[in-house]
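What follows is a single structure, written as structure tokens, with notes after it.
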Amino acid sequence: MKISEQHKDFFEHVYEIVRLIPEGRVTNYGSIAKALGTPKSSRMVGWAMNAAHAKSDVPAHRVVNRNGLLTGKMHFSTPTRMQELLENEGIMVKNDQIQYFNTVYWDVTEHFLGK
DNA sequence: AGCTTGACTTTGA
DNA sequence: GTCAAAGCCAAGC
């Protein structure tokens, strides 16, 4: 896909990127917003995730805030659902904080730059 | 129509 | 390192 496709809905862009996040990796809201060309609209990414929750093929649990904190866990079916999904992919979570966040972090822009 | 809220980030003190 | 403030914009009231 092309990042510069601005004719589509903002949410659809978010979905496409979130779907690209590899298993066992996570990214943050700002990185996604940045990839969409609107770095300051990171809040909208969160709002998009809220809507994405309905879609079954959007791994919303792989998106956390920039500190690696599971800020959106309460929006899942159960408050522990997000952590369970992450741990199921090999990501360690302690007190809503992703362990070794720097290691599992997957930068969206780096991916598109081919790095 | 306006006002508030929010799964956020950046910046400046 | 912390903290407060601003910017972002869709949805809900």
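With the first sequence counted from 1, adding 1 to any position gets you this note's numbering. The beta carbon of each residue, even a glycine, is placed where N, CA and C say it ideally should be. For clarity, every value in this text was computed on a predicted model and none was experimentally measured.
According to DSSP, simplified to helix, strand and coil, what is residue i?
i	result
K95	strand
N120	In the structure as shown, the chain begins at 2 and stops at 116. Residue 120 is therefore absent and cannot be evaluated.
L140	For residue 140 there is no data in the structure shown, the boundaries of the chain being 2 and 116.
Y106	strand
With distance defined between alpha-carbon atoms, name the residue in the options nearest to residue i.
i	options	result
P23	W107, F113, L86 and A52	W107
G25	H14, M93, M75 and D58	M93
T104	N89, K95, E13 and G69	G69
R63	K35, E90 and N96	E90
G73	M50, S57 and M45	M50
T110	A52, K35 and L21	K35
R67	D10, H76, E17 and R44	R44
T28	L87, E13 and A52	L87
F12	Y30, L21 and A53	A53
F102	S57, L71 and H112	L71
Does the beta-carbon distance from residue i to residue j come in below 8 Å?
i	j	result
A61	V19	yes
I33	V15	yes
V46	I99	no
Problem - Cβ pair count under 8 Å reaching 3, the segment 70–83 against the segment 37–46 - result: Counting Cβ pairs under 8 Å, fewer than three are found: no touch.
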